[in-house]
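For reference, the structure is listed below as structure tokens.
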Ligand code: DAH
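Numbering (this note's numbering), first residue to last: 1161 to 1539.
What follows is the structure in structure tokens.
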């Protein structure tokens, strides 16, 4: 067997010439230096170190050389490839550092900027207070009943025992709505028979006509009167009405219910008092006061501790109440021999004013979120 041929003629391989290898290396180094970002460098990397790059192709030629030439060429190509990959790593590190520095600037977050450019809103405190009061009664078994804001005069006044020339009709400063009679005649002014309801009491009559007693309903809603908007009046406001009709209800039930309501809303030591008054739809009727929730009555006769909220009277007027007038029961088809009832009603704006120290009612209607937001998001 012959020994391996270690002395065949050297073969000239163009790609392996020193100046060729140098050129390939220099081109690679120049391409890396010219790469302006990591994407360009990735392309240059493939072109100059990939499987089909000039240096890789040259490397493949080495195998065909005789031993001495193979060693020299191998060393030359190896060194060149080493320099290329070192230059690549250096440029890679430079470009990454540049990118990181740029990202830090471009994606910097100013943590002092306001975090809520579109701030979330809040529900209007009148709405949440109405719901809160209604919930007190719902938890006692009452149902919520609603009626229309554009109301028949009959429900707003007649069914509630306001006789046509009753002075109380004038006290309610009514908005009349244009209407049409059955034969198509347009009616205007106070002949139309249609009003914007002046109170939530017509829901009492609607409920009694709709349902058989026992009836226990709470009726929150919007009401209208021809008042000018000022610090203590608004032509559109809100009331809550309560109606209970059952066998054997008395004024004591009314008083207990009122006490429970103010205790649920203002604290367990709260109480109410009733003062005689007149409403056509209740008999007897009363004005209902609650203990001043600020001084709890302690300012009365105590000049050392005056109370601004109740003007040192110890009580705050909340609304009207009484036993449902039997005439109302009759008008709504309920037998007054069998059933009796109590009712009360009050304004939510007023309650919001003294419960939250709101001094000007206009704040409640102007729609400025700076008024609403501090009440928070109560659901
Ligand atoms: N509807 C009356 C008003 O707006 C308030 C009122 C008084 C309601 C007595 C009642 C009541 O249910 O019994 O002035």
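For glycine and all other residues, C-beta sits at the position ideal for the given N, C-alpha and C.
The C-alpha of residue 1529 is placed about 53 Å away from the C-alpha of residue 1253. Sequence-distant Cβ neighbours of residue 1282 in its own chain, meaning closer than 7 Å and more than five residues away, are 1532, 1533, 1535, 1536 and 1537. Shortest gap from the CB of residue 1297 to any heavy atom of the ligand DAH: 7 Å or more. Shown here, residue 1340 sits in a strand according to DSSP, grouped into three states.
Going by DSSP, residue 1511 is part of the alpha helix (DSSP H) stretching over 1508-1516. Pairing residue 1317 with residue 1486, the inter-Cα distance amounts to about 15 Å.
In the structure shown, residue 1449 falls within a strand segment according to DSSP collapsed to helix, strand and coil. Around the beta carbon of residue 1285, 16 or more other beta carbons lie within 10 angstroms, which makes this residue buried. Between the region 1475-1483 and the region 1373-1383, the count of C-beta pairs closer than 8 Å stays below three; the two stretches do not touch. Residue 1400: member of the beta strand (DSSP E) spanning 1396-1406, first to last residue.
The secondary-structure analysis by DSSP pairs residue 1432 across a beta bridge with 1450. A direct Cα-Cα distance of roughly 14 Å separates residue 1506 from residue 1425.
Per the C-alpha coordinates, the member of 1373, 1413, 1339 and 1508 positioned closest to residue 1498 is 1373. In its chain, beyond the 5 residues on either side, 1357 have a beta carbon closer than 8 Å to the beta carbon of residue 1308. Listed in chain order, the non-local C-beta contacts of residue 1325 below 6 Å within the same chain number zero, local neighbours out to five positions each way being set aside. Between the ligand DAH and the CB of residue 1359, the shortest heavy atom gap is smaller than 7 Å. When DSSP states are grouped into helix, strand and coil, residue 1178 belongs to the helix group.
Distance from the Cα of residue 1492 is smallest, within the candidate group 1458, 1315 and 1511, for 1315. The beta strand (DSSP E) runs of length 3 or more contained entirely in the region 1248-1313 are, from start to end of the chain, 1310-1312.
Burial state of residue 1219 is buried, judged by a 10 Å Cβ sphere holding 16 or more other Cβ atoms. Taking the Cβ of residue 1500 as the reference point, every heavy atom of the ligand DAH lies at 7 Å or farther away.
Relative to the non-hydrogen atoms of the ligand DAH, the Cβ of residue 1294 never comes closer than 7 Å to any of them. Taking C-beta separations shorter than 6 Å and ignoring five residues to either side along the sequence, residue 1344 has no partners in its chain.
Between the C-alpha atoms of residue 1291 and residue 1511 there is a straight-line separation of about 13 Å. In terms of Cβ geometry, residue 1321 and residue 1440 form a close pair [threshold 8 Å]. Using a cutoff of 7 Å, the CB of residue 1504 counts as near the ligand DAH, since one of the ligand's heavy atoms is closer than that. Judged by their CB atoms, residue 1450 and residue 1469 are not nearer to each other than the 8 Å cut-off.
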